[in-house]
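Note that this note's numbering gives residue 729 to position 203 of the sequence shown, counting from 1, and the numbers run on in steps of one. Where is the CB? At the ideal position from N, CA and C, for every residue including glycine. Here's the structure, in structure tokens; my notes come after.
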Amino acid sequence: MSVQNGSKLNRLERALPEGLLVDASWLEQRGYYGSQRSQYVSAGWLDQPARGVFCRPRGAVSWEQVVISLQTLLKFPVSVGGRSALELQGYAHYLPQSQKSIYLYCDKKLPSWVFKLDIEQTFISHNRLRYLPEVKIPSKALSLDNHLSESEVLDGALRINRWGQWKWPLVMSTPERAYLELLDELPQKETFHMADVIMEGLVNLSPRRMQSL
Numbered sequence: 527m528s529v530q531n532g533s534k535l536n537r538l539e540r541a542l543p544e545g546l547l548v549d550a551s552w553l554e555q556r557g558y559y560g561s562q563r564s565q566y567v568s569a570g571w572l573d574q575p576a577r578g579v580f581c582r583p584r585g586a587v588s589w590e591q592v593v594i595s596l597q598t599l600l601k602f603p604v605s606v607g608g609r610s611a612l613e614l615q616g617y618a619h620y621l622p623q624s625q626k627s628i629y630l631y632c633d634k635k636l637p638s639w640v641f642k643l644d645i646e647q648t649f650i651s652h653n654r655l656r657y658l659p660e661v662k663i664p665s666k667a668l669s670l671d672n673h674l675s676e677s678e679v680l681d682g683a684l685r686i687n688r689w690g691q692w693k694w695p696l697v698m699s700t701p702e703r704a705y706l707e708l709l710d711e712l713p714q715k716e717t718f719h720m721a722d723v724i725m726e727g728l729v730n731l732s733p734r735r736m737q738s739l
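Here is the structure:
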């Protein structure tokens, strides 16, 4: 390996944490073009779990890593919501054991490669609900090394959960907003009985946040 190639590989290792995903455009913006990407894949320095998407080798990829990659490295305006956000915030004991479907809310269409990854869960993408206030994920929240407190991100709609051994930020709806997102699934994908059962367990909902929504 030449000194130049070794230096570029070192830069890539610093910019791309193990376990996170980036697309070809992200790599090209940093000077890693098609032939070099192919070389890195052939040498085992990069994996290609789906066409046009890359990661450093590190075992199986989880759905959380996919969403964190979208939010932080690719700066894609997406958040976890609905049933999934409720489960992640400790309300799963009121729900059937699922986590087979991950509900994501965003302002534009998810990249197609997201649906081609070999993971157990299925992503279900929704447009942000029109009857709820518009939410913007602060750019400072979309950083792997941010030190934001929950209150700096919430604004009645979103919060950060820390995930994994590196405590990476995972942006999701607050319980109040997640419950309203779940109600929007009635009656096609959720039942009124389920909504009642969940509401009985949400004893700590903030009236102020509910009013703001």
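Is it buried or exposed for G690, if we count other Cβ within 10 angstroms and need 16 for buried?
Taking the sequence shown and counting its residues from 1, the one referred to as residue 690 is at position 164. The residue is exposed, with fewer than 16 neighbouring Cβ atoms inside 10 Å.
Quick one: what's D552 bridged to in DSSP?
Residue mapping note: residue 552 aligns to position 26 of the sequence shown, counting from 1. Position check: residue 552 holds Trp in this sequence, whereas Asp was assumed. For W552, DSSP records no beta bridge to any residue.
Alpha carbon to alpha carbon, how far is G557 from V606? Give it in angstroms, no decimals.
Indexing the sequence shown from 1 puts residue 606 at position 80. Indexing the sequence shown from 1 puts residue 557 at position 31. C-alpha separation (whole angstroms): 31 Å.
Taking the continuous alpha helix (DSSP H) assigned at S651, which residues delimit it?
Looking up residue 651 in the sequence shown gives position 125. Premise fails: S651 lies in the beta strand (DSSP E), T648 to N653, not in any alpha helix (DSSP H).
At what residues does the alpha helix (DSSP H) containing I594 begin and finish?
Here residue 594 corresponds to residue number 68 of the sequence shown, with the count starting at 1. W589 to I594 is the extent of the alpha helix (DSSP H) around I594.
Taking M755 as the reference, give the member of T598, W571, G608 and L614 with the closest Cα.
This structure does not reach residue 755, given that the chain is present from 527 up to 739, and the question cannot be answered.
Please work out which residues of its chain come closer than 8 Å, Cβ to Cβ, to E539, disregarding the five sequence neighbours upstream and downstream, and give them in chain order.
Looking up residue 539 in the sequence shown gives position 13. Within the same chain, E539 has close Cβ partners R582.
If you count every other CB in all the chains shown that lies within 10 Å of the CB of S533, and 16 or more means buried, which is it?
For the purposes of this step, residue 533 is identified with residue 7 of the sequence shown, where counting begins at 1. By the neighbour-count criterion, in which 16 or more other beta carbons inside 10 Å mark a residue as buried, S533 falls on the exposed side.
Going by C-alpha distance, which of I650, S595, K662 and F602 is nearest L546?
In the sequence shown, residue 546 corresponds to position 20, counting from 1. Comparing Cα-Cα distances from L546 to each of I650, S595, K662 and F602, the minimum goes to S595.
Would T717 be called buried (16 or more neighbouring beta carbons within 10 Å of its own) or exposed?
Residue mapping note: residue 717 aligns to position 191 of the sequence shown, counting from 1. Exposed, because fewer than 16 other Cβ atoms sit within 10 Å of the Cβ of T717.
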